[in-house]
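Asker:
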Amino acid sequence: MQTTKTPWNPSRRATARVKNPLPAPTTCPYDGGPVDIVNNSAIYGREYGEWPWAFLCRSCRAYVGLHPGTAIPLGTLADGPTREARKRAKTAFNPIWQSGAMTRTDAYIWLARQLGIANHEECHIGWFDVATCDRVVTVIQQEFPRLPIRKTRSGARSRASNTPS
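Numbered as in the numbering used here, the sequence shown ends at 1653 without a single skipped number.
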C-alpha cells in the first residue's frame, strides 16, 4: 500500500538527501507571529509545483518553500524586501556558473570566501538577509564586471550568460 507523502508524512529518502537542513520555523523573525505549513495556494492564489508546501506567517506574509518530499525549509522565512533581495542576488550569481566560468560548486566556494563563510556548504542565498544579498550583488559586480546584462521579465536589469540583443 502506497502512502501519500505530505510534510506531516515526509519521504525518508528525500529527507536524507538534504545536506544542511534548517530547523522548521515556528515563529516569524519579522513580527513574532506563528508560522504554519500551508499549501502554496495560500500564498499564490492557486497551487504550484509537485510539492506545493510552504511555511507561512499569516500575519506578515513572510514565507519559504519546502524541500520536495520533506518538511525541511528551503531557506529562512522571507518578507517582501528579503525575497526581492534574494532574487537580485540569484540574478547576479547564477551567470557565474551558468556561463561556464566555473562549476556551480566552485562558484559557491568562491562566494563563501568573499562573504567570509567558512563552510561553502552553508552558503545559500535562501539563507541570506537583505544586507548579505546586497553584498553578493556588490562583490559580483566588482569581480565579474563583464558578465553580460539582460532584462528580466519584470524589466529589471540582470546579468546573464548570453549576450544582449
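Where a beta carbon is used, it is the ideal one built from N, C-alpha and C, also for glycine. Quick caveat, the model's predicted, so the values are computed rather than measured.
1) Within the same chain, show all residues whose beta-carbon is closer than 7 Å to that of residue 1632, passing over the 5 residues directly before and after it, in chain order.
2) Please work out which residues of its chain come closer than 8 Å, Cβ to Cβ, to residue 1514, disregarding the five sequence neighbours upstream and downstream, and give them in chain order.
3) Whole angstroms are fine: how far does the CA of residue 1494 sit from the CA of residue 1571?
4) Which partner residues does residue 1614 have in the DSSP bridge list?
5) Return helix, strand or coil for residue 1541, following the three-state DSSP convention.
6) Give the straight-line distance between the Cα atoms of residue 1586 and residue 1534, rounded to the nearest whole angstrom.
7) Compare the C-beta of residue 1552 against all C-beta atoms of chain D and say whether one is closer than 9 Å.
8) Across the region 1615-1629 and the region 1575-1584, are there enough close Cβ pairs to call them in contact, namely three or more that are closer than 8 Å?
9) Return the Cβ separation of residue 1532 and residue 1543 in integer angstroms, given the expectation that the two are a contact with Cβ distance under 8 Å.
10) DSSP on residue 1495, reduced to helix/strand/coil?
11) So, with DSSP's three-state summary, where would you put residue 1531?
12) In the DSSP output, which residue or residues are listed as bridge partners for residue 1515?
Answerer: Once the coordinates are examined:
1) 1584
2) 1522, 1523
3) In this structure, the alpha-carbon of residue 1571 lies about 25 Å from that of residue 1494.
4) DSSP output for residue 1614 lists no bridge partner at all.
5) The three-state reading of DSSP puts residue 1541 in strand, counting E and B together.
6) 31 Å
7) Going by chain labels, chain D is absent from the structure shown, which holds only one protein chain.
8) yes
9) Incorrect: roughly 14 Å between the Cβ atoms, too far for contact.
10) coil
11) helix
12) 1522
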